[in-house]
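S.K.: Dropping the structure in here first, questions after.
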Amino acid sequence: PYPKTHHPLYTKLVKERLTTIVKGDSVLHELFDREKLLAIIDSGGTVFTKPWFGQLMNGPQLLAYLIQIHDWAEQHRLQIVE
Numbered sequence: 346p347y348p349k350t351h352h353p354l355y356t357k358l359v360k361e362r363l364t365t366i367v368k369g370d371s372v373l374h375e376l377f378d379r380e381k382l383l384a385i386i387d388s389g390g391t392v393f394t395k396p397w398f399g400q401l402m403n404g405p406q407l408l409a410y411l412i413q414i415h416d417w418a419e420q421h422r423l424q425i426v427e
């Protein structure tokens with residue numbers, strides 16, 4: 346969950362990047378409910394009250410983690426099939 350920062354600019358930048366990602370085609374749409382994902386983005390990650398991986402993964406760090414999932418799936422051409 347690094348960089349661990351609470352700087353408002355970091356939150357703004359990860360929100361913008363994740364918003365751009367979810368507007369397109371992303372594996373995130375296969376893994377997460379769209380409305381909940383948008384709510385997480387809109388809140389800057391604070392609506393998610395149970396942090397992943399302990400106390401370090403909340404707020405903007407959660408958004409950055411979602412970006413990492415998207416980027417990893419793109420890089421490895423991951424496809425989820427039913």
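Using the working numbering, the letters of the sequence shown map in sequence onto residues 346 to 427. Just so you know, even glycine gets a beta-carbon here, dropped at the ideal spot from N, CA and C.
Of the choices 351, 355, 408, whose alpha-carbon is the least far from that of residue 377?
M.R.: For this step, residue 377 is matched to residue 32 along the sequence shown. For the residues 351, 355, 408, the minimum Cα distance to residue 377 belongs to 408.
S.K.: Out of 390, 371, 382, point me to the one whose CA is closest to residue 353's CA.
M.R.: Residue numbering aside, residue 353 sits at position 8 when the sequence shown is read from its first letter. That would be 390, whose Cα lies nearest to the Cα of residue 353.
S.K.: Only counting the same chain, and skipping five residues up and downstream in sequence, which positions put a Cβ closer than 8 Å to that of residue 383?
M.R.: If you number the sequence shown from 1, residue 383 lands on position 38. If we look at residue 383 and ignore the five residues flanking it on each side, its Cβ neighbours are 367.
S.K.: Between residue 414 and residue 373, is the Cβ-Cβ spacing less than 8 Å?
M.R.: As a working mapping, residue 414 is identified with position 69 in the sequence shown. As a working mapping, residue 373 is identified with position 28 in the sequence shown. Contact: yes.
S.K.: Return the chain-ordered list of same chain residues with a C-beta closer than 8 Å to the C-beta of residue 412, the five sequence neighbours on each side being excluded.
M.R.: Position 67 of the sequence shown, counted from the first residue, corresponds to residue 412. For residue 412, where only same-chain residues beyond five positions count, the Cβ hits under 8 Å are 359, 362, 363, 366.
S.K.: What residue does the alpha helix (DSSP H) around residue 391 start on, and which one ends it?
M.R.: The residue you call residue 391 lines up with position 46 of the sequence shown. Counting along the chain, residue 391 falls outside any alpha helix (DSSP H), and DSSP gives it neither H nor E.
S.K.: Report all residues from its chain with a CB closer than 6 Å to the CB of residue 356; omit the five preceding and five following residues, and keep chain order.
M.R.: The residue you call residue 356 lines up with position 11 of the sequence shown. Here the set comprises 389, 405.
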